[in-house]
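Below: one structure, written as structure tokens.
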Amino acid sequence: MNLSRVFKDDVSVVLCGEAGQGIVTVEKLLVKALKDSGFNIFATKEYMSRVRGGSNSTQLRVSSQPRSSYVDRIDLLIPLDSGAIAHLKDKITEQTIIFGDKSVLGADTDLVDVPFSKIAAEAGGAIYANTAALGLLMGLFGLGLKDIQDFVSSTIGSKKPETLKPNLQAAEKGFEYAASVSGPGKIEILLARSHEVSGQVLVNGAEAIGLGAIAGGCNFVSAYPMTPSTGILTFLAANSEKFGILTEQAEDEIAAANMALGAWYAGARGFVCTAGGGFALMAEALSLSGMIETPLVISLGQRPAPATGLPTRTEQGDLEFALYAGHGEFPRIILAPGSAAQAVELTAKAFNLADKHQCPVIILSDQYFVDAYANIPPFDFSKISAQEHIVKTGPGYKRYAFSADGISPRGIPGFGDGFVHADSDEHDENGNITEDKNIRKQMSQKRMAKLELMTKEAEPPSLIGSGDFEYLAVCWGSNYGVLKEAAEQVNNPKLAVLHFSQIFPLHSGAREIIGRAKKAVVFENNFSGQFAKILKLYAGVETGGKVLKYDGAPFSLEEAVAELKKFTAVK
Amino acid sequence: MANNFDLDNIDIAWCPGCGNFPIHKALKAALSELNIDPLRLVMVSGIGQAAKIPHYIKAHFFNGLHGRALPPATAVKAANPSLTVIAESGEGDTYGEGGNHFIHTIRRNPDITNIVHNNMVYGLTKGQASPTSQAGFHTPVQVSGVFEEPFNPVAVAVSLNASFVARAFAGDMDQTKEILKKAVAHKGYALVDILQPCVSFNKVNTFQWFKERSYYLDSNYDPSDRVEAFKKAIEPDKFPLGVIYKSAPKPTFEENVTAYKKDAVPIVFRKTARTNLLEELLNSMR
Chain A
1 MNLSRVFKDD
11 VSVVLCGEAG
21 QGIVTVEKLL
31 VKALKDSGFN
41 IFATKEYMSR
51 VRGGSNSTQL
61 RVSSQPRSSY
71 VDRIDLLIPL
81 DSGAIAHLKD
91 KITEQTIIFG
101 DKSVLGADTD
111 LVDVPFSKIA
121 AEAGGAIYAN
131 TAALGLLMGL
141 FGLGLKDIQD
151 FVSSTIGSKK
161 PETLKPNLQA
171 AEKGFEYAAS
181 VSGPGKIEIL
191 LARSHEVSGQ
201 VLVNGAEAIG
211 LGAIAGGCNF
221 VSAYPMTPST
231 GILTFLAANS
241 EKFGILTEQA
251 EDEIAAANMA
261 LGAWYAGARG
271 FVCTAGGGFA
281 LMAEALSLSG
291 MIETPLVISL
301 GQRPAPATGL
311 PTRTEQGDLE
321 FALYAGHGEF
331 PRIILAPGSA
341 AQAVELTAKA
351 FNLADKHQCP
361 VIILSDQYFV
371 DAYANIPPFD
381 FSKISAQEHI
391 VKTGPGYKRY
401 AFSADGISPR
411 GIPGFGDGFV
421 HADSDEHDEN
431 GNITEDKNIR
441 KQMSQKRMAK
451 LELMTKEAEP
461 PSLIGSGDFE
471 YLAVCWGSNY
481 GVLKEAAEQV
491 NNPKLAVLHF
501 SQIFPLHSGA
511 REIIGRAKKA
521 VVFENNFSGQ
531 FAKILKLYAG
541 VETGGKVLKY
551 DGAPFSLEEA
561 VAELKKFTAV
571 K
Chain B
1 MANNFDLDNI
11 DIAWCPGCGN
21 FPIHKALKAA
31 LSELNIDPLR
41 LVMVSGIGQA
51 AKIPHYIKAH
61 FFNGLHGRAL
71 PPATAVKAAN
81 PSLTVIAESG
91 EGDTYGEGGN
101 HFIHTIRRNP
111 DITNIVHNNM
121 VYGLTKGQAS
131 PTSQAGFHTP
141 VQVSGVFEEP
151 FNPVAVAVSL
161 NASFVARAFA
171 GDMDQTKEIL
181 KKAVAHKGYA
191 LVDILQPCVS
201 FNKVNTFQWF
211 KERSYYLDSN
221 YDPSDRVEAF
231 KKAIEPDKFP
241 LGVIYKSAPK
251 PTFEENVTAY
261 KKDAVPIVFR
271 KTARTNLLEE
281 LLNSMR
């Protein structure tokens with residue numbers, strides 16, 4: 001194995017092993033150790049839908065500059081079991097340096113032999129192999145023995161003091177191996193470290209959505225666990241006491257969505273998080289939200305379907321479903337954040353939009369986005385706050401009073417002297433059942449009139465690159481990071497990227513900006529180019545090219561670069 | 001007799017002679033005798049003829065989806081425990097379409113009253129079998145007669161250790177009112193299954209049929225004995241009426257949830273700024 005490599009900007013580290021072997025623990029500790037040391041981190045994972053066994057891997061991009069995409073390239077690989085190398089065979093190249101235990105992986109394997117199992121056994125048990133790997137990697141990134149000892153003491157040691165000694169022993173052994181392969185002519189990691197980065201917070205998409213919900217005043221969560229959205233529920237449950245958030249695991253997604261509607265009706269700010277299958281069960285409640293004009297905020301984390309599909313993989317295949325789910329006609333808002341920071345901001349905004357427009361708001365993400373960790377710049381929470389639109393009712397209050405913009409002042413029971421009536425049947429201004437044709441017509445017009453103001457307030461798409469573009473790569477949601485970085489790498493002054501963080505209603509400027517391109521292409525993680533269809537239908541623009549990926553994995557940086565080069569090469 | 005919960009000029013969509021009328025009257029009388037303020041009362045219902053009842057009572061209401069009265073009712077009470085919440089629908093709505101919610105709401109034990117109009121037939125869809133239809137009941141859909149075991153809500157509720165389980169008969173307005181008063185006053189989930197005739201679509205389970213097949217529990221009956229209650233729930237010949245089971249006192253859903261552990265103020269009225277706490281949380285994640 002050729003160890004002579006110098007890394008100045010960016011290292012891709014991959015840990016791979018069976019579910020239950022402790023990869024998640026190493027990942028968590030390593031990203032923290034490296035971030036605290038001032039390296040930028042972008043970590044993604046792919047895992048199987050099982051509790052034990054199989055092959056799961058985590059990729060850490062450790063870099064001098066902030067990065068936000070997943071790469072095919074593997075620079076340093078730590079396979080923890082014999083299945084790992086086979087699992088990653090398409091990504092391992094001559095450039096990949098593998099650190100492994102020949103006694104586990106086989107004597108013929110070409111790798112740097114690190115006797116993890118022997119180190120672990122000497123320390124006191126198989127579990128310490130993970131700490132040895134941690135010590136090895138921290139050492140390779142240039143951290144000193146004392147840094148490693150301090151880190152292990154303050155993390156593992158503070159949680160389980162009785163395991164401190166064996167953990168320290170294993171970490172030190174790992175560090176010794178790192179020292180033996182580091183230096184001129186061997187592995188040299190010379191990444192810049194930033195004091196600013198060390199003070200930043202590492203969050204994944206799920207935590208970002210959870211933080212946004214808290215900032216947006218969410219005080220009621222009802223959900224049924226479902227990958228990839230369970231992390232949002234657990235994050236909010238963990239913080240339920242601190243923030244007074246009523247958190248309940250519902251018996252099914254039908255109950256979850258109907259509870260959230262009951263909560264909003266009573267004056268709380270309800271939230272549900274789910275994936276496509278659960279969202280399917282919520283479709284009737286979505287329609288109810290539209291009819292009773294009661295707000296609802298739904299986080300929909302996509303994964304490949306139909307049906308159970310690939311439960312732990314990623315896709316953007318539920319876009320049209322999110323847009324059209326629910327019987328009947330009613331307006332809705334669909335947001336699709338492109339970064340963790342944007343997820344905080346847009347999730348908070350979702351609660352305010354739902355409250356103001358009295359409609360469902362869907363935050364559309366995916367497994368890749370929800371599970372990806374990155375260090376984010378400091379967030380100013382004083383800039384985002386819960387803006388409430390509840391009125392005190394008076395005698396004769398009419399819940400569905402007609403108004404010019406379609407929005408009727410929303411009262412809640414027990415606040416004022418009026419009665420608050422919500423009815424899923426067509427209703428009159430007072431909320432009572434009616435079959436009067438004129439009222440039906442007026443009520444339909446009133447509900448749909450809200451689209452006008454929603455459109456006025458829509459998030460504009462963001463342009464990355466020069467406004468003087470000829471080639472335009474269009475994307476939405478989680479593909480922001482990879483296309484931004486790919487475009488930077490392609491470095492063609494005539495190429496720009498246009499990212500949409502609001503899918504519906506579309507910002508009115510979408511048509512003009514896409515229309516300016518000589519050539520446009522849409523990047524999407526689905527089979528049929530769903531966003532391209534939406535652009536055609538609602539913005540009236542044909543984007544022409546489509547780059548579609550639907551194998552369960554996100555676009556890698558290399559794939560995006562290759563596609564952008566192909567796209568810009570055509571005259 | 002005039003009542004706080006009366007509404008003027010309403011067009012009631014029930015058939016003449018419907019069992020819903022005495023239930024409607026009994027409920028308004030019970031609420032009035034309990035001195036409940038209409039402005040503090042939220043009626044939650046699903047869909048069906050019984051589920052239209054909120055439109056005929058002076059109160060707030062949430063007339064939601066078929067089968068889905070209990071989840072929003074639970075949420076309304078949890079969001080603002082100072083309100084009185086009644087979830088009221090038919091047996092098709094509550095035990096059929098909403099069966100899963102029925103089970104889990106009992107487990108959750110919110111302080112709400114669940115009134116179920118049980119006429120053993122689907123009225124609004126014009127005469128199909130309901131979960132409680134008796135074996136042999138013929139309908140345009142069940143052309144050879146119902147063969148499924150009828151759903152026994154009382155037995156299910158007792159098996160789940162529901163905090164309050166009662167059964168009433170719409171033919172006896174006074175006793176129905178008394179049972180409803182106990183249910184509404186009870187702290188915790190209270191089920192009142194009310195047997196009622198459907199004059200349009202059920203020619204078998206008539207007023208007379210129910211009258212002959214029901215009896216009131218006597219004053220010596222002890223509703224705290226769960227095994228006795230279960231025996232009552234599965235008696236084959238006649239339906240016992242009255243309070244069949246009351247569990248030992250237990251905390252309600254609202255009392256159990258973390259959000260109310262330290263602060264009793266309804267979450268809808270808490271106006272604490274979160275900026276500092278969020279900064280604190282973010283720091284802890286560093």
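Protein sequences appear in the order of chains A and B.
Using this note's numbering, read the first sequence as starting at 1 and increasing by one per residue.
Using this note's numbering, read the second sequence as starting at 1 and increasing by one per residue.
Positions of the beta carbon are idealized from the N, C-alpha and C atoms, including for glycine.
Burial state of residue i (16 or more Cβ within 10 Å)
i	result
Pro153/B	buried
Tyr324/A	exposed
Pro16/B	exposed
Ala401/A	exposed
Asn438/A	exposed
Glu148/B	exposed
Ile292/A	buried
Ile10/B	exposed
Asp174/B	exposed
Lys250/B	exposed
Ser180/A	exposed
His195/A	exposed
Ala190/B	buried
Cut-off 6 Å between Cβ atoms - residues of its own chain near residue i, not counting five sequence neighbours on either side
i	result
Tyr245/B	Val158, Val165, Pro223, Ala229
Val13/A	Leu60, Leu76
Pro295/A	Trp264, Ala354, Asp355, Gln358
Lys28/B	Asn3, Phe5
Ala155/B	Ala233, Ile234
Lys186/A	Leu3
Asp10/A	Ser63
Ala223/A	Leu233, Ala256, Val272, Cys273
Cα-Cα separation, residue i to residue j
i	j	result
Leu506/A	Leu537/A	11 Å
His421/A	Thr543/A	46 Å
Ser49/A	Ala305/A	14 Å
Lys77/B	Ala486/A	51 Å
Gly139/A	Phe42/A	19 Å
Gly545/A	Glu563/A	11 Å
Leu217/B	Gly242/B	6 Å
Phe555/A	Phe500/A	17 Å
Asp417/A	Val297/A	28 Å
Val197/A	Leu191/A	13 Å
Gln442/A	Phe235/A	43 Å
Ile412/A	Asn491/A	55 Å
Gln489/A	Ala569/A	15 Å
Close beta carbons around residue i, own chain, < 8 Å, minus the five adjacent residues each side
i	result
Asp371/A	Thr44, Lys45, Asn204, Gly205, Ala206, Pro228, Gly231
Ser82/B	Arg40, Pro266
Ser117/A	Asp101, Ser103, Val104, Ala126, Ala129
Thr312/A	Glu46, Tyr47, Met48, Ser49, Thr227, Pro228, Arg303, Gln367
Gly328/A	Ser287, Gly290, Met291
Ala341/A	Ala208, Ile376, Pro377, Phe379
Arg511/A	Ala539, Gly540, Val541
Whole-number beta carbon distance between residue j and residue i, since they are thought to touch under 8 Å
i	j	result
Phe469/A	Ala496/A	4 Å
Arg213/B	Phe239/B	6 Å
Lys456/A	Gly406/A	About 13 Å; that fails the 8 Å criterion.
Ala75/B	Gly262/A	3 Å
Ala285/A	Asn258/A	5 Å
Contacting residues, own chain, Cβ-Cβ under 7 Å from residue i (five flanking each side not counted)
i	result
Ala170/A	Ile119, Ala120, Ala123, Tyr128, Thr131, Ala132, Gly135
Ala268/A	Asn219, Phe220
Asn202/B	Asn119, Met120, Val121
DSSP beta-bridge partners of residue i
i	result
Asn526/A	Answer by DSSP bridge pairing: none, since Asn526/A is not bridged.
Trp476/A	Phe500/A
Val14/A	Gln59/A, Leu77/A
Leu191/B	Asn114/B, Val165/B
Residue i Cβ short of 6 Å to the ligand MG heavy atom set
i	result
Glu293/A	As far as ligands go, the structure on display features none, and thus does not contain the ligand MG.
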